[in-house]
Amino acid sequence: SQTIHQWPATLVQPVGSPLSLECTVEGTSNPNLYWYRQAAGRGLQLLFYSVGIGQISSEVPQNLSASRPQDRQFILSSKKLLLSDSGFYLCAWSTAMNTEAFFGQGTRLTVV
Amino acid sequence: KQEVTQIPAALSVPEGENLVLNCSFTDSAIYNLQWFRQDPGKGLTSLLLIQSSQREQTSGRLNASLDKSSGRSTLYIAASQPGDSATYLCAVRPRSNYQLIWGAGTKLIIKP
Chain X
1 SQTIHQWPAT LVQPVGSPLS LECTVEGTSN PNLYWYRQAA GRGLQLLFYS VGIGQISSEV
61 PQNLSASRPQ DRQFILSSKK LLLSDSGFYL CAWSTAMNTE AFFGQGTRLT VV
Chain S
1 KQEVTQIPAA LSVPEGENLV LNCSFTDSAI YNLQWFRQDP GKGLTSLLLI QSSQREQTSG
61 RLNASLDKSS GRSTLYIAAS QPGDSATYLC AVRPRSNYQL IWGAGTKLII KP
């Protein structure tokens, strides 16, 4: 069966520090991978998606970047965090763009 | 532009009741609609996926319906239990792009 791992679960970082959140998927190959951010009381916002190694599409221009160094690994990064980067970050995967999406357990990021 | 609305934003019912959560969307050109459950501070758990050609899907005490022409989906929960307390999110995948478009969710509380 397929599983998705996301870590860390919580993170408190000072303004201006770098960020690296990691997501890995097991039990499938060539998944479509996604990073979402969830603001309190609002719907999820798609940040990045990837259909293959090294292929990243950005939906929202911002202080974040994503990379996919391996088939089942998706990394969300920032060189310098802003207070507005605080939020709940979710990684997801699907077999194709129009199939069922499965989510990780999320990372609660607080920038102080 | 596709928009997804979930009403009500919050719902509190006694244990044992049957209940319906509503999701509406503005553009009927969709691949599918997916219902998720989110526990506080946790990731999303996929509950049901309805393809655009389908009218309903069932899983245990959950039944989701889709009326594409009217832009509506309902999630029916039978014989509710305190463990059903969570936020329920619906998301549609439009045919125009790869994004899931999300509702803001319905926070459900089942009182013992």
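In order, the protein sequence lines correspond to chains X and S. Counting from 1, one number per residue, gives the positions in the first sequence under this note's numbering. Counting from 1, one number per residue, gives the positions in the second sequence under this note's numbering. Beta carbons: idealized from backbone N, C-alpha and C, even for Gly.
Remark: C-beta atoms of X:S78 and X:N98 do not approach each other more closely than 8 angstroms.
For the stretch 19-39 of chain S, the residues whose beta carbon sits under 7 angstroms from a beta carbon of chain X are, in order, Y31, N32 and Q34.
Note on geometry: alpha-carbon atoms of S:I77 and X:G43 lie some 22 angstroms from one another. When secondary structure is reduced to three states using DSSP, S:S59 falls in the strand class. Burial is judged here by how many other beta carbons sit within 10 angstroms of a residue's own beta carbon; X:D85 has at least 16 and is buried. In terms of Cα proximity to X:Q2, the closest of X:T110, X:T10, X:A92 and X:V60 is X:A92. With contact defined as three or more Cβ pairs closer than 8 angstroms, the stretch 99-112 of chain S and the stretch 4-13 of chain S are in contact. Here X:I53 is not near X:R37, since their CB atoms are 8 angstroms or more apart.
If you look at X:I53, you'll find it isn't in any beta strand (DSSP E); DSSP assigns it neither H nor E. Within 10 angstroms of the beta-carbon of S:R95 lie fewer than 16 other beta-carbons, which makes it exposed. Near chain X, meaning a CB-to-CB distance below 7 angstroms, the residues of the stretch 42-54 of chain S are K42, G43, L44, S46 and L49. Here X:L81 carries a coil assignment [DSSP, helix/strand/coil]. By the Cβ-count criterion, X:P31 is buried, with 16 or more other Cβ atoms from all chains shown falling within 10 Å of its own Cβ.
Any Cβ of chain S closer than 8 angstroms to the Cβ of X:R68 would place that residue at the interface, and such an atom is absent. Listed by position along chain S, the residues whose Cβ is nearer than 9 angstroms to that of X:L64 form an empty set, because the closest Cβ is around 17 angstroms away.
Across the structure, X:P18 and X:G106 are spaced so that their CA atoms are roughly 18 angstroms apart. Relative to the Cα of X:L83, the nearest Cα in the group X:Y89, X:A9, X:Q13 and X:F74 belongs to X:Q13. DSSP assignment within the stretch 73-100 of chain S yields the following whole beta strand (DSSP E) runs of 3 residues or more, N-terminal first: 86-94. Short of 8 angstroms from the beta carbon of S:N32, and not among the five residues preceding or following it, lie these beta carbons of its own chain, in chain order: L49, I50, Q51, S52, V92 and R93.
Closest in alpha carbon position to S:G41, among X:L90, X:E100 and X:H5, is X:L90.
The three-state reading of DSSP puts X:T107 in strand, counting E and B together. S:K68 is classed as buried because its beta carbon has at least 16 other beta carbons within 10 Å across all chains shown. Counted as a single uninterrupted DSSP element, the beta strand (DSSP E) harbouring X:G87 occupies residues G87 to S94. Under a criterion of Cβ atoms nearer than 9 angstroms, the residues of chain S adjacent to X:E100 are, in order, N32, Q34, S46 and L49.
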